[in-house]
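> In my numbering, the protein residues as written are 8 to 350. All C-beta atoms in this analysis are idealised placements derived from N, C-alpha and C, irrespective of residue type, glycine included.
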């Protein structure tokens with residue numbers, strides 16, 4: 008009977024016990040099975056379906072009642088095999104998961120959206136969506152010789168300085184090591200890229216074959232075989248024209264005073280402290296408005312001028328020039344005669 012029961016249990020566990028006559032057909036066609044035993048078990052099964060209070064009885068009592076109704080001399084005990092197997096499996100899975108959770112020394116965090124994550128040493132990492140980091144649990148992290156972070160994705164790290172413990176970000180094939188700085192690190196499979204923002208960082212291949220120190224602005228990429236370093240080059244200073252370009256017109260201070268007084272007799276006043284001089288200076292005298300002309304005189308390195316506002320115009324209290332040995336090529340008489348200056 009045991010072999011017959013095993014066969015029936017196989018059909019029950021596999022979910023094939025109902026729906027067609029496959030079980031009964033296999034038993035009847037196999038001469039090694041005793042058909043009378045199967046008929047007895049079938050009768051037991053039929054009687055069990057007719058029990059009105061079966062659902063309220065424990066399994067052992069239900070089986071004993073079936074045995075009495077069918078004339079079995081010895082009661083057998085039924086074990087809910089399938090339910091027992093499921094419960095045992097779930098318990099085993101729970102135990103295994105708990106075991107590995109207790110033994111796993113790492114914290115793993117995945118950014119579901121862009122976020123700033125604070126590490127156990129208060130360093131921060133700006134993570135883009137999908138980026139994964141892994142590091143020791145806080146207690147172990149604080150005791151480790153190096154602050155190691157494992158990265159897959161893109162992170163911008165702002166590292167808290169700790170002179171006793173370096174901070175290292177490790178990817179599939181490369182790593183970046185610092186004491187305290189800010190940098191960007193991207194790792195996708197075997198390809199990695201780093202850009203230093205502040206301080207210095209050391210970018211290295213994990214096997215120790217190559218390394219490079221990055222200064223602020225430097226970038227490095229590694230594709231699994233070749234390392235490419237791009238050093239930062241500051242942009243050239245903007246090319247701007249001088250605010251007051253040196254003019255080709257060269258006049259004496261005396262002629263400059265007369266020309267200005269002639270052009271702006273009302274809005275420009277010269278005090279008695281202004282003295283005529285034969286020192287020749289380069290100057291632009293064709294500027295249309297007085298405000299711009301006064302500003303250009305103030306910015307001219309060859310001219311010393313003291314000026315104050317006077318209503319809508321200006322009062323000049325001092326005007327002199329720096330003698331650099333120039334020869335005059337324009338005079339007040341030429342201006343008065345309508346001859347244009349050589350500007």
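Would you call the stretch 317-324 and the stretch 284-293 touching, i.e. three or more CB-CB distances under 8 Å?
Not touching, per the Cβ criterion.
> Curious, which full-length alpha helix (DSSP H) runs of at least 4 residues does the stretch 260-325 contain?
Listed in chain order, they are 260-270 and 297-306.
> Kindly indicate which residue of 156, 261 and 132 has the alpha-carbon position closest to the one of residue 142.
If we check each option's Cα against that of residue 142, 156 comes out closest.
> So residue 167 and residue 185 are in contact, right, with Cβ under 8 Å, and what is the actual spacing, rounded?
Actually they do not touch by this definition, with Cβ atoms about 11 Å apart.
> Would residue 32 be called buried (16 or more neighbouring beta carbons within 10 Å of its own) or exposed?
Classification of residue 32: exposed, given that the 10 Å Cβ count is below 16.
> For residue 129 and residue 148, I'd like the C-alpha separation in whole angstroms.
Roughly 12 Å separates the two Cα atoms.
> In or out: residue 80 buried (at least 16 other Cβ within 10 Å) or exposed?
At residue 80, the pLDDT of 49 sits below 50, so the modelled position is not reliable and the matter cannot be decided from this model.
> Helix or strand or just coil, what does DSSP make of residue 199?
Residue 199: strand per DSSP, three-state reduction.
> Would residue 259 pass as a contact of residue 335 if the rule is Cβ separation under 9 Å?
Yes, they are a contact pair.
> Rounding to the nearest angstrom, what Cα-Cα distance links residue 212 and residue 176 in this structure?
For residue 212 and residue 176, the distance between alpha carbons rounds to 12 Å.
> Tell me, which residues are paired with residue 229 by DSSP?
Answer is 199 and 234, bridged to residue 229.
> Could you check what DSSP says for residue 146 in three-state terms: helix, strand or coil?
DSSP places residue 146 in helix when its eight states are reduced to three.
> Which residue marks the beginning of the alpha helix (DSSP H) containing residue 157, and which one marks its end?
Per DSSP, residue 157 belongs to no alpha helix (DSSP H); it is in the beta strand (DSSP E), 154-165.
> Please state whether DSSP places residue 330 in a helix, a strand or coil.
Residue 330: coil per DSSP, three-state reduction.
> Alpha carbon to alpha carbon, how far is residue 223 from residue 276?
If I take the Cα positions, the gap works out to 56 Å.
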